[in-house]
Amino acid sequence: MGACLGVCSLLSCVSCLCGSAPCLLCGCCPSAKNSTISRLLFTFFLFLGTLVSIIMIIPGVEKELHKLPGFCEGSGSVLGVQTNVDCSSFLGHKAVYHMGFAMAAFFCLFAVLMVCVRSSKDPRAALQNGFWFFKFLVLVGITVGAFYIPDGTFTSVWFYFGVVGSFLFILIQLVLLIDFAHSWSQRWLRNADEGSAKGWYAALCGVTFIFYAASIVAIALLYVYYTKPEGCTEGKAFISINLILCLIVSVVSILPKIQEAQPHSGLLQASLITLYTIYVTWAALANVPSQRCNPTLLVRNSTASATATEPLTAWWDAPSIVGLVIFILCTLFISLRSSDHPQVNKLMLTEESGAGAGAGAGAGDEEGGVHRAYDNEQDGVSYNYTFFHLCLLLAALYIMMTLTNWYRPDESLQVLRSPWTAVWVKICSSWAGLLLYLWTLVAPLLLPDRDFS
């Protein structure tokens, strides 16, 4: 009996993926807003593609594939059918590029399909909020088709698409970070006004000190490991410029006029922005195409066989791991954002969404013990479908570049080059982030008639 119930529960969960709305009348899922579940499931698709990309780039996977009888090229046959599979095409940097193209194409398709959807009454809203099994099949189909794209020009051209998309996603990360920093400071200052002021102010000072201390240590390490007494001029310039800019925004954040216009502004936000800027600087220096000035540079292993078709590389250096963690947190934040982050919502909401934000609010209660995903978008969508998919598209390009360490294989895939393009994209994004944060500080003074609350 227990086994039967388990099978029934599994079938009920599977029905969540095939129905016209996610988890409708599905006992295995908690009650939640339709819009929230949809965003989480699309994010799950992105994470699933990321996991596949990580597996593809792990060294030694090709050797394991060759152990499968009759799978790789020249190995024989499978079930009596002669096979001719080049296992190397499923592995390494070129495979990550193809997987990134598939994920970007999938989210681009839905971004186009969801243009101008205003409420769940639009028939296209059903495609956004349901039919998950079929959407999974579409993603698989696009992925299979992507691997039929010939190598060569595709790799070189798609690299630049990845560079542009990654730059835009880094800017989105900066917007979210700035909004998070302001919200964090406002919440703790509000708690200080309502409760134990000394405790909350001590926490603010403690966290701020930790962020600045970590930034100072990181800057010292960058000077030690990424510069030399002679040479490495670019690295010295990048570190010094960003250090000066971080000092400027920190001083500006506590100026009396800034404090008067924005009482919640302070060093907590500046310290968090400073720490992130130093991370981006580190990530940029890790792509400097000079082994002398870049100890983390991924170069071809000198002991590799001359007949190897793929350089021996690994993506899991420290900057890439940190970038992967930030990518996961940022993507989840996009999917789970709430009204506590009004500035982010202004980017995502449509003009009619305010009316639909509370639609169906009472429909989320359990009815007869059955969990439901209730429709909260009958009067207006709670987020812009197209912009959400564009964010995931840019996230797919960003993770593609992160996993490949921003390296571009040449047409023969024998050499991995780290172009200065990657360095300048990251450095410029750090400058753009600092300027954006500086604008949030001075905007209330320059435009006193506008509401920046």
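Using mature numbering (1 follows the signal peptide of the UniProt record, and there is no 0), the letters of the sequence shown map in sequence onto residues -16 to -1, 1 to 437.
For every residue, glycine included, the Cβ atom is placed at its ideal position computed from N, Cα and C.
All values reported here derive from a predicted model rather than from experimental measurement.
Local conformation of residue i per DSSP, three classes
i, result
"Lys78", "helix"
"Lys182", "helix"
"Lys17", "strand"
"Gln246", "coil"
"residue 441", "Residue coverage of the chain in this structure runs from -16 to 437, which leaves residue 441 outside it and unanswerable."
"Val365", "coil"
"Asn175", "helix"
"Ile42", "coil"
"Glu214", "coil"
"Val147", "helix"
"Ser396", "Here the model assigns Ser396 a pLDDT of 47, short of 50, so the residue's position is not dependable, and the following value carries that caveat. Ser396: coil per DSSP, three-state reduction."
"Gln275", "coil"
"Lys119", "helix"
"Trp390", "coil"
"Arg23", "helix"
"Ala221", "helix"
"Asp433", "coil"
"Asp163", "helix"
"Ser103", "coil"
"Thr34", "helix"
"Thr280", "coil"
"Cys(-9)", "With a pLDDT of 45 at Cys(-9), under the threshold of 50, the modelled position of that residue is not reliable, and no figure is offered here."
"Leu63", "Residue confidence for Leu63 is low, a pLDDT of 39 falling below 50, so the modelled location carries little weight and cannot support an answer."
Span of the alpha helix (DSSP H) around residue i
i, result
"Met385", "Tyr369 to Leu387"
"residue 442", "Nothing can be reported for residue 442: it is not among the residues displayed for the chain, which extend from -16 to 437."
"residue 439", "Here the chain covers residues -16 to 437 and nothing more, so residue 439 does not appear."
"Tyr132", "No alpha helix (DSSP H) holds Tyr132; DSSP gives it neither H nor E."
"Thr405", "Trp404 to Leu430"
"Asn113", "Ala109 to Asn113"
"Val99", "From DSSP, Val99 is part of no alpha helix (DSSP H); its letter is neither H nor E."
"Ala268", "Leu251 to Leu269"
Alpha-carbon to alpha-carbon, residue j and residue i
i, j, result
"Trp142", "Thr265", "24 Å"
"Arg276", "Glu218", "12 Å"
"Ser366", "Ser19", "7 Å"
"Gly340", "Val101", "Any reading at Gly340 must be qualified, since the residue scores a pLDDT of 44, below 50, and its modelled position is unreliable; no value is offered."
"Asp301", "Asp106", "46 Å"
"Leu158", "Phe29", "24 Å"
"Leu320", "His166", "18 Å"
"Ala380", "Gly364", "28 Å"
"Ser414", "Leu422", "12 Å"
"Met98", "Trp116", "16 Å"
"Ser169", "His248", "7 Å"
"Leu111", "Ala88", "18 Å"
"Val309", "Pro273", "25 Å"
"His373", "Lys212", "44 Å"
"Leu430", "Val36", "48 Å"
"Leu376", "Val147", "15 Å"
"Gly215", "Phe193", "33 Å"
"Ser255", "Tyr369", "33 Å"
"Arg174", "Pro43", "51 Å"
"Gly76", "Trp390", "13 Å"
"Phe371", "Ser103", "15 Å"
"Ile21", "Phe317", "14 Å"
"Tyr210", "Pro279", "7 Å"
Classification of residue i by the beta-carbon crowding that lies within 10 angstroms, buried from 16 upward
i, result
"Pro303", "buried"
"Arg23", "buried"
"Ala79", "buried"
"Ala204", "exposed"
"Gly33", "buried"
"residue 505", "The first residue shown for the chain is -16 and the last is 437, placing residue 505 beyond what the model contains."
"Tyr144", "exposed"
"Ala406", "buried"
"Gly149", "buried"
"Tyr132", "exposed"
"Thr386", "buried"
"Val128", "exposed"
"Leu231", "exposed"
"Val96", "exposed"
"Thr137", "exposed"
"Ser224", "exposed"
"Gly114", "buried"
"Gly84", "buried"
Taking 8 Å as the threshold, find out whether the stretch 112 to 131 comes into contact with the stretch 153 to 173 through three or more Cβ pairs. no
Measuring CB atoms only, is the stretch 185 to 197 touching the stretch 415 to 430, in the sense that at least three cross pairs come out at less than 8 Å? No, they do not touch.
Contact between the stretch 173 to 183 and the stretch 229 to 242 (3+ Cβ pairs under 8 Å): When C-beta atoms of the stretch 173 to 183 are compared with those of the stretch 229 to 242, fewer than three pairs fall below 8 Å, so the two segments do not count as touching.
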